[in-house]
Each structure stands twice: as structure tokens, then as C-alpha cells.
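In my numbering, the protein residues as written are 168 to 396.
Worksheet: the structure to be examined is printed underneath.
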Amino acid sequence: MPEHRELLPDPLPPEPLEVVARWLDEAWAARVQPNANSMVLATSRRDGRPSARVVLCKEIAPKPGYVVFYTNYLSSKGRQLQDNPRAAAVMHWDALHRQVRIEGEIVPAPASDSDAYFASRPWQSRVAAWASEQSEPIASRAALLEAVSGEAKRFGVPVPGSPGAPDSVRANIPRPLHWGGYRLWADAVELWVEGEARVHDRALWRRSLMPLPGGSFRPGTWSATRLQP
């Protein structure tokens with residue numbers, strides 16, 4: 168296997184999320200892991216206690232500079248983001264010797280974006296989004312499957328996972344209002360590349376974000392600096 172010798176560009180590029188988007192494309196092309204867009208998302212409760220979980224990054228918009236993920240707004244992470252609308256994310260591609268860290272402000276994605284993405288999901292996932300009160304206790308696995316079955320009946324589709332259920336079903340399953348997207352507007356991005364003899368290459372970009380009406384921001388100019396590994 169050839170020795171890995173990648174370094175970050177010198178001088179550092181002015182737009183770090185353009186690099187992140189390229190790295191993600193290359194991770195998909197390399198087929199080094201099943202979900203190349205997996206992303207650890209860290210949030211915190213009102214009392215400051217942190218929690219983290221893996222979500223899927225569904226979009227990177229280098230300009231103006233945000234990443235998108237989707238979830239249940241009433242889940243534990245949704246409630247935490249309501250209390251403290253800041254988050255941190257990590258994308259790590261071990262086989263490619265690369266890592267990305269992103270920090271920033273969280274705002275809900277436009278409803279039209281959430282509607283469009285929800286409509287693109289498999290019908291089984293759309294049924295499950297209605298059936299699951301994400302993060303809430305439930306008496307048993309059987310009770311969860313009963314809820315899924317009830318929603319399938321309501322929308323006139325087969326029960327997901329049942330014998331003979333087709334992969335594709337034409338059905339009108341609208342997006343529930345408690346489910347949708349978030350935009351993580353980056354005000355800090357760190358890129359990391361594994362270096363020879365563990366002398367890794369790291370760089371950090373920072374910028375300001377000025378809030379605008381309608382849940383958007385006017386971003387400042389990125390400033391970049393190299394970091395010691």
C-alpha cells in the first residue's frame with residue numbers, strides 16, 4: 168500500500184468548506200465506508216451537559232457556508248438545539264487519513280427544503296418518521312412495531328418489513344411538522360491530515376456570523392492559521 172504523504176495546501180485556501188465538500192466527494196468515490204457522510208454531532212443541554220450522536224450530512228453549501236442534516240425536532244438533540252442553538256460536528260475518514268471539525272450556529276432549514284428531502288426518502292423511512300416519537304420511552308419493541316403498523320394502515324401502504332412488502336410504493340406520505348432539517352452555519356472549521364511520523368497537518372479557519380431576519384446570517388471573511396498537531 169503506498170505511503171500516505173498528503174499535506175494541507177500552502178498557502179491555506181480561503182474557503183475551508185470547499186475543501187470539506189471535495190473531501191466528502193472523494194470519500195464517496197473511494198468507497199472506504201458505507202456512509203461516507205456520517206457525522207458526529209455534539210449538542211449540549213441547558214445545564215451544559217453535552218451529548219453526541221451520529222447523523223448524516225445531507226448537504227454542504229461552501230458559500231454561504233453551512234452543512235445540513237435532518238432529524239426529529241422533538242428528539243433529545245432537537246430539544247437541546249432549541250435550548251442552545253450551537254453545535255459541533257466531526258467527519259472522520261480514517262482510510263483517507265482526514266478529519267474535519269465544524270462549530271457554529273444552528274437554525275432550522277426552510278420548510279420547502281425539508282419537504283423536498285422528506286419526499287425523496289424511501290416510503291419505509293417516511294412511515295417510520297410518523298410512527299416514532301424519537302428519544303421517548305416505549306414499553307416494548309412490539310409496541311413500536313404496532314405504532315409503525317398503525318401509521319402504515321393510515322397511509323394505505325404495506326407494513327415496512329413485512330413479507331412481500333415492495334421496495335417502492337407510490338403513496339402520499341407528507342412530512343410531519345415535527346421532522347425536518349437543520350443548517351449548521353460554520354464559524355469555525357478545522358481540517359486535519361495525518362502526517363508522517365505522527366507530525367500531523369492541522370489548520371483552523373474562523374469567521375464572524377451576523378444574524379439576519381428569517382434565520383440566516385451574513386458571514387464575515389474567513390481567517391486561517393496553522394495549528395501544531
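Virtual Cβ for every residue (Gly too), placed ideally from N, Cα, C.
(1) Excluding sequence positions up to five away, which residues of its chain have a Cβ less than 8 Å from the Cβ of Met168?
(2) Do you know offhand how far Arg253's Cα is from His345's?
(3) What residue does the alpha helix (DSSP H) around Asp280 start on, and which one ends it?
(4) Can you list, in chain order, the residues of its chain whose CB lies under 6 Å from that of Val234, leaving out five sequence neighbours each side?
(5) Could you spell out the range, first to last residue, of the alpha helix (DSSP H) harbouring Glu173?
(6) Distance, Cα to Cα, Arg412 vs Gln301?
(7) Alpha carbon to alpha carbon, how far is Ala209 from Ala256? Give it in angstroms, no decimals.
(8) What ranges does the alpha helix (DSSP H) occupy inside the segment 190-264, keeping only unbroken runs of at least 4 residues that lie completely in it?
(9) I'd like the span of the beta strand (DSSP E) that includes Trp359, first residue to last.
(10) Does DSSP put Val267 in a helix, a strand or coil?
(11) Measuring alpha carbon to alpha carbon, tell me which residue in Ser390, Pro217, Arg198 is nearest Ala353.
Put simply:
(1) In this predicted model, Met168 has a pLDDT of only 36, less than 50, meaning its place in the structure is not dependable; the value taken from the coordinates is given anyway. Hits under 8 Å: none found.
(2) Arg253 and His345: Cα-Cα distance of roughly 20 Å.
(3) Its alpha helix (DSSP H) spans residues 278-287.
(4) Cys224, Ile227, Leu351, listed in sequence order.
(5) Counting along the chain, no alpha helix (DSSP H) covers Glu173, and no H or E run does either.
(6) No answer is possible for residue 412: the residues shown for the chain start at 168 and end at 396.
(7) Whole-angstrom Cα-Cα distance: 6 Å.
(8) DSSP runs (the alpha helix (DSSP H)) wholly in the segment 190-264: 243-250.
(9) That run of the beta strand (DSSP E) goes 346-360.
(10) The answer is strand: DSSP assigns Val267 an E or B state.
(11) Nearest option by C-alpha distance: Ser390.
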